[in-house]
Amino acid sequence: MAKLFHRGLTFRFVFWILVGVASVFSAVLGYNGYYSRKLIIKEIERDAFDRAVSAANHLDMFLKSVEKISENVSYYLETGSYDAEGISKLIRTVVEKNDEIYGAAVAFEPYAFLPDERFFAPYFCKKDGKVQFREIPYDYFESDWYRIPKSTNAPAWIEPYFGQAGAIIMSTYSVPLYRRENRERRFVGEVVVDISLSRLQKKIASIKMGDSGYGILISRKGTFVSHPDERFIMKETLFSMAQAAKNPSLVEIGRKMLEGSPGSAQFYDDFTGKKSEIVYVPLSTSGWILGVVFPKKELMADLERLHRRMIAIALAGFMMVMGIIIWIAHSVTRPLRILTQASQDIASGNLDVAFPSISAKDEVGKLASSFAYMQASLKHHIRELTETTAAKERIESEIKIARDIQMGILPKVFPPFPGRSEFDLFATLVPARDVGGDLYDFFFVDDNHLCITIGDVSGKGIPASLFMVITSTLIKIRASGEMHPELVLNRVNQDLAKDNPSLMFVTLFLAILDVRTGELQYCNGGHNPPLLIRSDGHMFPLDAPPAVALGVVEDHAYQSKKIFLKDGDALLLYTDGVTEAMNVHHELFSEKRLKKAVHAMRGAPVKTIVEGLLHRIDTFSKGAPQTDDIAIMLLRYFSKTPRE
Amino acid sequence: MEIEYVGKEKEAVVAAVKGRVDAVTAPEFEKQFSRWIKEGNTCFLVGFEQLDYISSAGLRSILVIAKKLKGQSGRIVLYGLKDVVREVFKISGFDTIIPICGSFEEALEQFQASPPGA
Chain P
0 MAKLFHRGLT
10 FRFVFWILVG
20 VASVFSAVLG
30 YNGYYSRKLI
40 IKEIERDAFD
50 RAVSAANHLD
60 MFLKSVEKIS
70 ENVSYYLETG
80 SYDAEGISKL
90 IRTVVEKNDE
100 IYGAAVAFEP
110 YAFLPDERFF
120 APYFCKKDGK
130 VQFREIPYDY
140 FESDWYRIPK
150 STNAPAWIEP
160 YFGQAGAIIM
170 STYSVPLYRR
180 ENRERRFVGE
190 VVVDISLSRL
200 QKKIASIKMG
210 DSGYGILISR
220 KGTFVSHPDE
230 RFIMKETLFS
240 MAQAAKNPSL
250 VEIGRKMLEG
260 SPGSAQFYDD
270 FTGKKSEIVY
280 VPLSTSGWIL
290 GVVFPKKELM
300 ADLERLHRRM
310 IAIALAGFMM
320 VMGIIIWIAH
330 SVTRPLRILT
340 QASQDIASGN
350 LDVAFPSISA
360 KDEVGKLASS
370 FAYMQASLKH
380 HIRELTETTA
390 AKERIESEIK
400 IARDIQMGIL
410 PKVFPPFPGR
420 SEFDLFATLV
430 PARDVGGDLY
440 DFFFVDDNHL
450 CITIGDVSGK
460 GIPASLFMVI
470 TSTLIKIRAS
480 GEMHPELVLN
490 RVNQDLAKDN
500 PSLMFVTLFL
510 AILDVRTGEL
520 QYCNGGHNPP
530 LLIRSDGHMF
540 PLDAPPAVAL
550 GVVEDHAYQS
560 KKIFLKDGDA
570 LLLYTDGVTE
580 AMNVHHELFS
590 EKRLKKAVHA
600 MRGAPVKTIV
610 EGLLHRIDTF
620 SKGAPQTDDI
630 AIMLLRYFSK
640 TPRE
Chain D
0 MEIEYVGKEK
10 EAVVAAVKGR
20 VDAVTAPEFE
30 KQFSRWIKEG
40 NTCFLVGFEQ
50 LDYISSAGLR
60 SILVIAKKLK
70 GQSGRIVLYG
80 LKDVVREVFK
90 ISGFDTIIPI
100 CGSFEEALEQ
110 FQASPPGA
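Right under this line is the structure:
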């Protein structure tokens, strides 16, 4: 119990503090994680964007220079006059002098340069390090590179394509060419410049972001111009890839990218197999889109490592706090445990257990001093109680001795006179818990005269028992050799009343039976009249003149009466403990029940009748305490000389 | 047991006793009358109409009270006894030394016919 209590207290204390500490730690860690993540993401995105813009500027610069050359050629041709040789020379020079230019041509409208030539498009391109002349061998008017600038009347970058039999990826920049006629500019053809995109691809390939981040370049139609996976290049578009990946969100992202403004998007990258982000910027020259793709998680690895370390540190801190708190809780509850142990010892009866001195001035210290005080008072009270109990036990033992003495002077051997066949006699006294003052006695006053008497002293306890002993002794003395009951009562009454300050009294019935004749002289001093039970079953209380109990009126003159007992007649003497025995409903056993019981048993031996009566009284008053002594005496007379 | 002070009738205290007067309640019974006697009352008319039981200890208490009053030329008269109580008085012979009447009127009449000290 005490251990459980202690464990409970410590446990609760530790538990709630740790709950609090854990909440604070998690809140701090959580906020830190959330906020630093946000910062880092912002930083990463900015970095990616910077890289994209820088790369885009680089590409734009390159493309711009190509544009410039083409436009210069176009301007030169428009303002000057030229022949076929001059054009060839010009183009050759352009190709030879510019590394970035793979090939160049001037393509004229049908019959625009020579009236008899439908096609005129001298073309110089590099091959094996040398510049060679070639005719464009096909009807080029419907090719994209010719048609688009002509229809929009503006220079244009053409979608990249495989050139040189699939060896390199190329793109073409076409600038419309005009001729001034009659102050009007007439479209006569186009200056066309081919470039290899390998330089752009190299630049894109140099973009790195984390371990697996990479750059891409996409044409205006969404075709991959540059991608770390070469199989994508010129073969896949954003949309074909979205379809292959069954990822419709990629379509949306692709559409956004092709709208022509910078932006960013999140997506699942099948190439790296990671959740990634793309940052994209359109090239201002060709309108192609440069993108930087990077798996965010990878870039956050450092952050996550930091975060894990912080969690580890927090956990270690938590364990340390836990240890400290457990130690504190333990030391706070230690005096309580000592107190519990001490009070347990006290509870188990060891009042002399040395109380631990707890010097703390706190609540526990106060509790300890209260306990010490309680121990002292307990000791004091228990000593008092022990003394009181001892005194009570002494008194009770004295009362018991008094009762034993009282019972000892009553004759208890039955049959009392084994040689006598003139009568049967049985008597008993059941004492109440408190000592009562009932008495009975029987003795021969001479050879033929049997004296029987029964009495009840007023009140209870030691005084009653003392008075009863005195009365019994007086009767024995005064009845010796006396044949007249009234004289015995007169004398005993005088003895008792003479000096009786406590005004105690005794009701007494006394009779003297001549066993030869059955003559019964009797005298009643305020006692319940005995019941005479005739052998024929007729029964009645013995009538007697009214007389006061003994010990009250000193000069009272008692009077005797006489009756003859016949063979088989019986006399039942009893005290009011019989008729006033009470049951739990406060009903008295009463004379009526007594008569009924006696009548039912009238033929039985005297002992059987008396015991039967006791049994009935006991059954009747079951559950209710016996408050008064019960005394019963039954005498049955047997005549030697049957009378008429 | 309860003792109720009913009032005074011609110098006499009229009281009513209820319940049981036995070994347990007798000392209280005796104490109440001793208090009244100490206050100077010497005559008592005591109604036993609601007295259910009286034991020998109760009889002794009445005896003690009667003896005290005798010394001061006083008197106690009981009236209205139930049959069971009356029987106790009769058997013990106490009805020969303590005046007992059937009703209050009868008790008052007897009290007036032979005033105390006469």
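Protein sequences, first through last, are from chains P and D. Each residue of the first sequence is one higher than the one before, starting from 0 at the first, in numbering that gives the first Met the number 0. Each residue of the second sequence is one higher than the one before, starting from 0 at the first, in numbering that gives the first Met the number 0. Quick reminder that beta carbons are idealized off the backbone N, C-alpha and C, glycines included.
Any Cβ of chain P within less than 7 Å of the Cβ of residue 96 of chain D?
So, interface residue.
At the 7 Å Cβ level, is residue 59 of chain D part of the contact set with chain P, yes or no?
Yes - at least one Cβ of chain P is within 7 Å of the one on residue 59 of chain D.
How big is the Cα-Cα spacing for residue 152 of chain P and residue 175 of chain P?
Cα to Cα, the separation comes out at about 7 Å.
Which residue's Cα is closest to the Cα of residue 445 of chain P: P:512, P:626, P:425?
The shortest Cα separation from residue 445 of chain P among P:512, P:626, P:425 belongs to P:512.
Leaving out five residues on either side along the sequence, give the residues of the same chain with a beta carbon under 6 Å from the beta carbon of residue 2 of chain P.
Note that residue 2 of chain P has pLDDT 48, beneath the 50 cutoff, so the model's placement of it is unreliable and the number below is only indicative. There are no such residues.
Relative to chain D, which residues along the stretch 446-462 of chain P have a C-beta separation below 9 Å, given in chain order?
If the cut-off is 9 Å between Cβ atoms, the stretch 446-462 of chain P has 455, 456, 457, 458, 459, 460 near chain D.
Would you mind telling me which residues of chain P sit closer than 8 Å to residue 90 of chain D, beta carbon to beta carbon, in chain order?
Those within 8 Å of residue 90 of chain D in chain P are 506, 525, 526, 527, 528.
At the level of alpha carbons, what is the spacing between residue 299 of chain P and residue 209 of chain P?
Using only the alpha carbons, I get a separation of about 9 Å.
Any chance you could list the alpha helix (DSSP H) runs of at least 4 consecutive residues sitting entirely within the stretch 10-47 of chain D, in chain order?
If we require 4 residues or more, the alpha helix (DSSP H) runs fully inside the stretch 10-47 of chain D come out as 25-37.
Can at least three beta-carbon pairs, one atom from the stretch 132-143 of chain P and one from the stretch 232-249 of chain P, be found at a separation below 8 Å?
Touching, no.
Is there a Cβ of chain D sitting closer than 7 Å to that of residue 546 of chain P, yes or no?
Residue 546 of chain P counts as touching chain D.
Mind pulling the chain D residues with CB within less than 7 Å of residue 564 of chain P?
In chain order: nothing, as chain D lies at least about 23 Å away.
Between P:238, P:200, P:148, which lies nearest to residue 186 of chain P when the distance is taken from Cα to Cα?
Here the closest residue by C-alpha is P:148.
Buried or exposed for residue 109 of chain P, going by 16 or more other Cβ atoms inside 10 Å?
Its Cβ having fewer than 16 others within 10 Å, residue 109 of chain P is exposed.
Looking only at its own chain, which residues have a Cβ that is under 7 Å from the Cβ of residue 589 of chain P, when we skip the five neighbours before and after it?
Taken in chain order, the residues that qualify are 578.
Answer yes or no: the CB of residue 503 of chain P versus the heavy atoms of the ligand COA, is any distance below 6 Å?
No copy of the ligand COA occurs in the structure displayed, which carries no ligand at all.
Is DSSP giving residue 103 of chain D helix, strand or coil here?
Residue 103 of chain D: helix per DSSP, three-state reduction.
Might you give, ordered along the chain, the residues of its own chain that have their beta carbon closer than 7 Å to the beta carbon of residue 646 of chain P, omitting 5 neighbours on each side?
Absent from the model: residue 646 of chain P. The displayed extent of chain P is 0 to 643, so no value can be given.
Rounded to whole angstroms, what is the Cα-Cα separation between residue 422 of chain P and residue 516 of chain P?
Near 12 Å, if we compare the C-alpha coordinates of residue 516 of chain P and residue 422 of chain P.
For residue 568 of chain P and residue 430 of chain P, which I take to be in contact (beta-carbon distance under 8 Å), what is that distance rounded to the nearest angstrom?
The Cβ separation is near 30 Å, so there is no contact.
Within 7 Å of any Cβ in chain D, is that where the Cβ of residue 502 of chain P sits?
Yes, contact with chain D.
Specify whether the stretch 26-44 of chain D and the stretch 71-81 of chain D touch according to this definition: at least 3 beta carbon pairs, one from each stretch, less than 8 Å apart.
Short answer: they touch.
Please check if any C-beta of chain P sits within less than 7 Å of the C-beta of residue 62 of chain D.
Chain P contact via Cβ: present.
To the nearest angstrom, how far is the alpha carbon of residue 108 of chain D from that of residue 34 of chain D?
Taking the straight line from one Cα to the other gives about 26 Å.
For residue 275 of chain P, which beta-bridge partners are listed by DSSP?
Residue 275 of chain P pairs with P:266, P:294.
Report buried or exposed for residue 506 of chain P, applying the criterion of at least 16 other Cβ atoms within 10 angstroms of its Cβ.
That one is buried.
Just by C-beta distance, which residues in the stretch 566-579 of chain P are closer than 9 Å to chain D?
From the stretch 566-579 of chain P, only 575, 579 have a Cβ closer than 9 Å to chain D.
What is the residue span of the beta strand (DSSP E) that residue 190 of chain P lies within?
Start and end: 183-195.
Contact criterion: CB-CB distance below 7 Å. Does residue 102 of chain D meet it with respect to chain P?
With 7 Å as the cut-off, residue 102 of chain D does not count as an interface residue toward chain P.
For a test of the three-state rule: what should DSSP assign to residue 81 of chain P, helix, strand or coil?
Residue 81 of chain P: coil per DSSP, three-state reduction.
Between which two residues does the alpha helix (DSSP H) containing residue 560 of chain P stretch?
Note, residue 560 of chain P: premise wrong, no alpha helix (DSSP H); beta strand (DSSP E) at 560-563.
Going by beta-carbon coordinates alone, are residue 155 of chain P and residue 173 of chain P separated by less than 7 Å?
Going by C-beta atoms, residue 155 of chain P is nearer than 7 Å to residue 173 of chain P.
How far does the beta strand (DSSP E) with residue 74 of chain D in it reach, from first residue to last?
Taken as a continuous stretch (DSSP letters only), the beta strand (DSSP E) holding residue 74 of chain D covers 74-78.
Note down, in chain order, every chain C residue with its Cβ under 7 Å from the Cβ of residue 55 of chain D.
Among the protein chains in the structure shown, which are P and D, there is no chain C.
Could you give the DSSP three-state label for residue 669 of chain P: helix, strand or coil?
What the structure shows of chain P is the stretch from 0 to 643, and residue 669 of chain P is not part of that stretch, so it cannot be assessed.
Residues in its own chain within less than 6 Å of residue 642 of chain P by CB, not counting five upstream and five downstream?
Any reading at residue 642 of chain P must be qualified, since the residue scores a pLDDT of 46, below 50, and its modelled position is unreliable; the value itself is stated next. The answer is none, since no qualifying residue turns up.
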